[in-house]
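Enquirer: Going by the working numbering, the letters in the sequence shown line up with residues 12 to 234, in that order.
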Amino acid sequence: MTELILIRHGETDWNRELRFQGHVDVPLNSTGREQARRLAERLAAERPPVDHLICSDLIRTRETAAPSLQVYFPQLSVDTLTDASLREQHFGVVDGLRVDDVKTGHADAWERWLRFEADYGMPGGETTRQFHTRVMDAVRRIAQQHAGRKVMVVTHGGVLDMIWRTARGTGLDGPRQSDIPNAGLNRVRVDGDTVEVLDWADVRHLADLPAQPVYDQKKLVVR
Numbered sequence: 012m013t014e015l016i017l018i019r020h021g022e023t024d025w026n027r028e029l030r031f032q033g034h035v036d037v038p039l040n041s042t043g044r045e046q047a048r049r050l051a052e053r054l055a056a057e058r059p060p061v062d063h064l065i066c067s068d069l070i071r072t073r074e075t076a077a078p079s080l081q082v083y084f085p086q087l088s089v090d091t092l093t094d095a096s097l098r099e100q101h102f103g104v105v106d107g108l109r110v111d112d113v114k115t116g117h118a119d120a121w122e123r124w125l126r127f128e129a130d131y132g133m134p135g136g137e138t139t140r141q142f143h144t145r146v147m148d149a150v151r152r153i154a155q156q157h158a159g160r161k162v163m164v165v166t167h168g169g170v171l172d173m174i175w176r177t178a179r180g181t182g183l184d185g186p187r188q189s190d191i192p193n194a195g196l197n198r199v200r201v202d203g204d205t206v207e208v209l210d211w212a213d214v215r216h217l218a219d220l221p222a223q224p225v226y227d228q229k230k231l232v233v234r
């Protein structure tokens, strides 16, 4: 069995603007950098410590991972520990757009999106099922490569949603049901194809920071 400490990247300005970030390279804002610093401070007390660190290749995850890397593996460069398969879902033509812009410029795609169907994806992007396959292939590979160890994985909200759905057996249709805060701590145990949630959405280290922006799919869903 392998324990994964799953981290969504710290806050970006685009989180505040409710943009589809997808595969666009967006850096952390000042709050996100402070979240990353506090995350590293919290993890410095982990016993037993983290054995390995891996992150998405996008800058917002690399910047989130950097302070923790200094705690655990100061001799390594974060650029040598990236895996593109841990990227956020690809949203095609709406990557980088605000929700209001998608509503006006891609109205039909937005209406389809709000059904949250597993086999639909924004034009030019991934369907949820394709995304889920990519994510879980990566999770299984990481767990096999680091069997019996504790691995910190810095990635994206959508990736964590796919892992949570797998662990809970909720299926891929329907809106997101789990809380996935920026720079929160989420722990799972992976044993073959089985994923078990040990802890989720722990943000005690962020308690006095500004309230996070929330993209609540449950409020958007069209039934």
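C-beta: ideal position from N, C-alpha, C; glycine also. For clarity, every value in this text was computed on a predicted model and none was experimentally measured.
Hey, how far is the Cα of E57 from the Cα of L15?
Expert: Indexing the sequence shown from 1 puts residue 57 at position 46. Indexing the sequence shown from 1 puts residue 15 at position 4. When rounded, the distance between both Cα atoms is 13 Å.
Enquirer: Given D36, which residues of its chain have a CB within under 8 Å of its CB, disregarding the five upstream and five downstream residues?
Expert: As a working mapping, residue 36 is identified with position 25 in the sequence shown. Counting only Cβ-Cβ distances below 8 Å, and skipping sequence neighbours, we find L69, I70, R71.
Enquirer: Please list, in chain order, all residues of the same chain as Y131 whose beta carbon is under 8 Å from its beta carbon, the five residues on each side excluded.
Expert: Along the sequence shown, read from residue 1 onward, the residue named residue 131 stands at position 120. If we look at Y131 and ignore the five residues flanking it on each side, its Cβ neighbours are R123, W124, T138, T139.
Enquirer: Please go through the same chain and pick out, in chain order, the residues whose beta-carbon is closer than 7 Å to the beta-carbon of R215, but skip the five residues on each side of it.
Expert: Residue 215 sits at position 204 when you count from the first residue of the sequence shown. Cβ neighbours of R215 beyond the five flanking positions: none.
Enquirer: With distances taken Cα to Cα, identify the nearest neighbour of R179 among V206, V201, T75.
Expert: Your numbering for residue 179 matches position 168 in the sequence shown. Comparing Cα-Cα distances from R179 to each of V206, V201, T75, the minimum goes to V206.
Enquirer: Could you tell me which residues DSSP pairs with L196 in its beta bridges?
Expert: Here residue 196 is taken as the residue at index 185 of the sequence shown, counted from 1. Paired residue(s): D213.
Enquirer: If distances are taken between C-alpha atoms only, which option among T181, A76, P59 comes closest to H167?
Expert: By 1-based counting over the sequence shown, the position of residue 167 is 156. Out of T181, A76, P59, A76 has the C-alpha closest to the C-alpha of H167.
Enquirer: By how many angstroms is the C-alpha of A51 removed from the C-alpha of H63?
Expert: Counted from its first residue, the sequence shown places residue 63 at position 52. Counted from its first residue, the sequence shown places residue 51 at position 40. Taking the straight line from one Cα to the other gives about 14 Å.
Enquirer: Classify R152 as buried or exposed, calling it buried when 16 or more other Cβ atoms lie within 10 Å of its own Cβ.
Expert: Taking the sequence shown and counting its residues from 1, the one referred to as residue 152 is at position 141. By the 10 Å Cβ count, R152 comes out exposed.
Enquirer: Restricting to Cα atoms, I'd like to know which of L183, E128, H157, E28 is closest to D112.
Expert: Residue numbering aside, residue 112 sits at position 101 when the sequence shown is read from its first letter. For the residues L183, E128, H157, E28, the minimum Cα distance to D112 belongs to E28.
Enquirer: With distances taken Cα to Cα, identify the nearest neighbour of D204 among G185, T177, D119, R49.
Expert: Numbered from its first residue, the sequence shown carries residue 204 at position 193. The candidate whose alpha carbon is nearest that of D204 is T177.
Enquirer: Comparing alpha-carbon positions, which option in R145, P60, G103, M133 lies nearest D94?
Expert: Taking the sequence shown and counting its residues from 1, one reaches residue 94 at position 83. Closest option to D94, Cα to Cα, is R145.
Enquirer: First and last residue of the beta strand (DSSP E) that includes V162?
Expert: On the sequence shown, position 151 is the one that residue 162 refers to. 161-166 is the extent of the beta strand (DSSP E) around V162.
Enquirer: Which word fits R234, buried or exposed, when buried means at least 16 other C-beta atoms lie within 10 angstroms of its C-beta?
Expert: Locating residue 234 in the sequence shown gives position 223, where the first residue counts as 1. Low per-residue confidence applies at R234: pLDDT is 49, beneath 50, and the placement is therefore not dependable, though the value from the model is reported in the following sentence. Exposed: under 16 other Cβ atoms inside 10 Å.
Enquirer: Going straight from the alpha carbon of R126 to that of P59, what length do you get?
Expert: Here residue 126 is taken as the residue at index 115 of the sequence shown, counted from 1. Here residue 59 is taken as the residue at index 48 of the sequence shown, counted from 1. Their Cα atoms are separated by approximately 43 Å.
Enquirer: Classify I174 as helix, strand or coil using the three-state DSSP reduction.
Expert: Within the sequence shown, residue 174 is the residue found at index 163, counting from 1. Reduced to three states, the DSSP call for I174 is helix.
Enquirer: Tell me T144's beta-bridge partners as DSSP assigns them.
Expert: As a working note, residue 144 is residue 133 in the sequence shown. In the DSSP output, where bridge partners are listed per residue, T144 has none listed.
Enquirer: Inspect the CB distances between the stretch 179-196 and the stretch 17-32 and report whether three or more fall short of 8 Å.
Expert: A contact exists between the stretch 179-196 and the stretch 17-32.
Enquirer: Opposite R73 in the DSSP bridges: which residues?
Expert: Locating residue 73 in the sequence shown gives position 62, where the first residue counts as 1. Paired residues: none, contrary to the question.
Enquirer: Taking 8 Å as the threshold (C-beta atoms), are E74 and R44 in contact?
Expert: Translated into the one-based positions of the sequence shown, residue 44 becomes position 33. Translated into the one-based positions of the sequence shown, residue 74 becomes position 63. It is a contact, given that the beta carbons lie within the stated cut-off.
Enquirer: Hey, how far is the Cα of D227 from the Cα of P186?
Expert: In the sequence shown, the residue the question calls residue 227 occupies position 216. In the sequence shown, the residue the question calls residue 186 occupies position 175. One C-alpha to the other measures close to 8 Å.
Enquirer: Can you tell me whether DSSP reads E14 as helix, strand or coil?
Expert: For this step, residue 14 is matched to residue 3 along the sequence shown. E14: strand per DSSP, three-state reduction.
Enquirer: Is P221 closer than 8 Å to T42 when the C-beta atoms are compared?
Expert: Numbered from 1 along the sequence shown, position 31 holds the residue referred to as residue 42. Numbered from 1 along the sequence shown, position 210 holds the residue referred to as residue 221. Yes; because the gap between Cβ atoms is below 8 Å, this pair is in contact.
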